[in-house]
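Since the structure comes first, as structure tokens, the remarks are kept for the end.
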Amino acid sequence: MPHIPKLDNEQLSSKAHKILLAMLREGAFDQSGKLPPEEILAQKLGISRSVVRDVLAAFESEGFITRRRGIGTIINKHVLKVTSRLDLEKEFLEEVADCGYTPSVGFVTPSVIKADEEAAERLEIPVGEELIVVERLILANGQPAIYCIDHLSSSLIIDNNYSLNDLKPPIFSFLEQYCHCSVQMDLTKIAPYLTDDHLAEILNISQGTPILYLDELGYDIHQKPVLWSKEYYAPGIFKFTVLRRKI
Numbered sequence: 032m033p034h035i036p037k038l039d040n041e042q043l044s045s046k047a048h049k050i051l052l053a054m055l056r057e058g059a060f061d062q063s064g065k066l067p068p069e070e071i072l073a074q075k076l077g078i079s080r081s082v083v084r085d086v087l088a089a090f091e092s093e094g095f096i097t098r099r100r101g102i103g104t105i106i107n108k109h110v111l112k113v114t115s116r117l118d119l120e121k122e123f124l125e126e127v128a129d130c131g132y133t134p135s136v137g138f139v140t141p142s143v144i145k146a147d148e149e150a151a152e153r154l155e156i157p158v159g160e161e162l163i164v165v166e167r168l169i170l171a172n173g174q175p176a177i178y179c180i181d182h183l184s185s186s187l188i189i190d191n192n193y194s195l196n197d198l199k200p201p202i203f204s205f206l207e208q209y210c211h212c213s214v215q216m217d218l219t220k221i222a223p224y225l226t227d228d229h230l231a232e233i234l235n236i237s238q239g240t241p242i243l244y245l246d247e248l249g250y251d252i253h254q255k256p257v258l259w260s261k262e263y264y265a266p267g268i269f270k271f272t273v274l275r276r277k278i
């Protein structure tokens, strides 16, 4: 078992999540089909039981494990095999890599515009307010895979010591560093979309090709909309799955 170096609690949980998820996918516990007790995992990973509990709670909400009193922590192997899930938020490059492709960035184009009626309604801001827009193309093995347009209000920015180049990393990094906020949850509308000339050229497909379109609105911890994203997925790359559980 790997030992995780000393980090703060959030970093520890994130690191432990990645390490333990990799171990699950590599079959480290296939013989029993279950995870060992929390105290044993904590010892072997070199972290506290509270961090282990955080990670296991996340795994359960993500569907990777099922915990039952008297049975233990069961590993859901069929869920672990799924590479693309619409119900889990991932960075684009990670999403492409998980599908077995080499990810890269085709372009990132930041700009500043005035919010039109649609953007103002979605982000709950006045029409004409300054809006930061970032267009981003993600490649899979050098081919267009995801085209995303992110929108956020300039009024969110607390630290004005930034340049447009600071918008080139994933937009979540900019929100955390310069707006001191983060997306806690998304509401996403899913729809088919027929490509127009502009999208067809960007995604290198024929005009009128049906593609997957996600209209995503991200909220912070105070339930305020902070990020509006329009995402277009090229066909033939992703095979998305949604985990649904009875309530």
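So that you can map any letter, position 177 of the sequence shown is 208 in my numbering, and since no number is skipped, the others follow by simple counting.
We put the CB at the ideal spot given by N, CA and C, even for glycine.
- Note that the stretch 134 to 144 touches the stretch 157 to 174; at least 3 beta-carbon pairs, one per stretch, sit closer than 8 angstroms.
- Of Lys261, Cys210, Ile105, Gln238, the smallest CA-CA separation from Leu248 is found for Lys261.
- In its chain, beyond the 5 residues on either side, Leu117, Asp118 have a beta carbon closer than 6 angstroms to the beta carbon of Val273.
- A straight-line Cα-Cα distance of about 30 angstroms links Cys179 and Ala47.
- In this structure, the beta-carbon distance from Val158 to Glu148 falls below 7 angstroms.
- Looking at Asp251, Phe271, Pro201, the one whose alpha-carbon comes closest to that of Tyr244 is Phe271.
- Under the three-state reduction of DSSP, Glu262 is assigned to strand.
- Counting C-beta pairs closer than 8 angstroms gives three or more between the stretch 61 to 75 and the stretch 83 to 98, which meets the contact rule.
- Between the alpha carbons of Ile163 and Lys145 lies a gap of roughly 9 angstroms.
- The Cβ atoms of Glu161 and Ser185 lie closer than 7 angstroms to each other.
- By the C-beta criterion, the stretch 212 to 222 is judged not to be in contact with the stretch 232 to 240, since fewer than 3 inter-stretch pairs fall below 8 angstroms.
- Under the three-state reduction of DSSP, Asp85 is assigned to helix.
- Per DSSP, the continuous alpha helix (DSSP H) segment holding Asp228 begins and ends at 228 to 234.
- According to the DSSP secondary-structure assignment, Ala128 is paired through a beta bridge with no residue.
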